[in-house]
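Notes for the one structure printed next.
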Amino acid sequence: MASPKIGDPCWHVHHGEGLLFEYLTEPYKVRQKYIREYKSAEEVETRLRLFQPVRGTISPPNYWQEAYAKLREAGAMWREADAKRQEPYAKRQEAYAKLREAGAKRQEAYAEWWEADATWWEADAMLQEADAKWQEAYAKRQEAYAKMREAGAKRQEAYAEWWEADATWWEADAMLQEADAKWQEAYAKLREADAKLAEANAKWRSEPSWQAVLDLHAKECPNCPWNGETIFP
1317 MASPKIGDPC WHVHHGEGLL FEYLTEPYKV RQKYIREYKS AEEVETRLRL FQPVRGTISP
1377 PNYWQEAYAK LREAGAMWRE ADAKRQEPYA KRQEAYAKLR EAGAKRQEAY AEWWEADATW
1437 WEADAMLQEA DAKWQEAYAK RQEAYAKMRE AGAKRQEAYA EWWEADATWW EADAMLQEAD
1497 AKWQEAYAKL READAKLAEA NAKWRSEPSW QAVLDLHAKE CPNCPWNGET IFP
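Quick note on numbering: the sequence shown equals residues 1317 to 1549 in the working numbering.
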């Protein structure tokens, strides 16, 4: 028997969610490969055995088909929003790492500056105390002053890097907030669509036409452990 095509109904595409069958949104073999590689080893045989194409005819009510289509649409929107959320999140993390690095450099530069400043004042005190040693102390003070200027320049440079990293972080954070808001919106729509499908699913199960689906499933999927919600009760 030829493999089902995208859009064809299959039994137990997923193990639960209350869906006995679903329409393929990816090649049949791709789903089989995913099950083999990513599902629990103890579940693989059962999943592959029950993941079979529907050979009979299933005619869901229009309201169920609409709810199912909306669920798939909402799922696609959520996956797109989630993918877009990853990039600004990574940028914010990168910016935060740079911010931390710049902050460490700033602290180090501050420490060097304070050390040089203390040395300068010490040398100045020596200059005031011993006029006889004025030349020696003055030379030390000049040396300390040069180090202080150098340390001051490093401090300014580190401070500028810190501000740049800080600005980058806020920019990345704003992008993340925007992407996260879209993600939340898409996720809310996904939950809403999922609830409507569950409602449509429950409604269909209360109608006589659902029994035809159960009869077809029992015929095409014998010895199936599905309990109405999952194949792993």
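Using N, Cα and C, we set each Cβ at its ideal position, and we do this for glycine too.
Predicted, not measured: the structure shown is a model, and the values here were computed from it.
Q. Candidates Glu1333, Glu1417 and Ala1528: which alpha carbon is nearest Glu1477's?
A. Glu1417
Q: Rounded to whole angstroms, what's the CA-CA distance from Trp1394 to Lys1421? Just pull it up for me.
A: 40 Å
(Q) Just to confirm my understanding: we take Ile1322, look at its own chain, exclude 5 residues before and 5 after, and list those with CB closer than 6 Å. What are they? (A) Leu1340
Q. For Trp1327, which of helix, strand or coil comes out of DSSP?
A. Here Trp1327 sits in strand by DSSP.
Q: Look at the Cβ atom of His1330, then the Cβ atom of Gln1368, and state whether they are nearer than 9 Å.
A: In this structure, His1330 keeps its C-beta atom at 9 Å or more from the C-beta atom of Gln1368.
**Q.** Identity of the residue in Leu1366, Lys1400, Ala1357 and Arg1352 nearest Gln1500 by Cα
**A.** Lys1400
Q) Skipping 5 residues on each side, what residues in its chain have a beta carbon closer than 6 Å to that of Pro1325? A) Phe1337, Tyr1339, Val1370 and Ile1374
Q) Cβ of Tyr1461 within 9 Å of Cβ of Trp1436? A) yes
Q: Mind checking which residues open and close the beta strand (DSSP E) that includes Glu1338?
A: Phe1337 to Tyr1339
(Q) For Cys1540 and Ala1534, I'd like the C-alpha separation in whole angstroms. (A) 8 Å
Q) Can you tell me whether DSSP reads Pro1549 as helix, strand or coil? A) Coil.
**Q.** Own chain partners of Thr1546 with C-beta closer than 7 Å, once the 5 adjacent residues on each side are dropped
**A.** Residues of the same chain with a CB within less than 7 Å of the CB of Thr1546, apart from the 5 flanking positions on each side, are His1331 and Gly1332 in chain order.
Q | Beta-carbon separation (whole angstroms), Lys1349 vs Lys1512, contact threshold 8 Å | A | Contact flag wrong, Cβ pair sits at about 31 Å.
Q. Which partner residues of Gln1368 appear in the DSSP bridge assignment?
A. Trp1327
**Q.** Of the listed residues Ser1319, Val1360, Arg1365 and Ser1356, nearest to Cys1537 (C-alpha basis)
**A.** Arg1365
Q: Taking the CB atoms as reference points, tell me whether Arg1465 and Met1442 lie closer together than 9 Å.
A: Not in contact: Arg1465 and Met1442 (Cβ atoms no closer than 9 Å).
Q) What is the DSSP secondary structure of Ile1322, reduced to helix, strand or coil? A) Taken through DSSP and simplified to helix, strand or coil, Ile1322 comes out as coil.
Q | Span of the alpha helix (DSSP H), counted from its first residue to its last, around Pro1404 | A | Asn1378 to Glu1445
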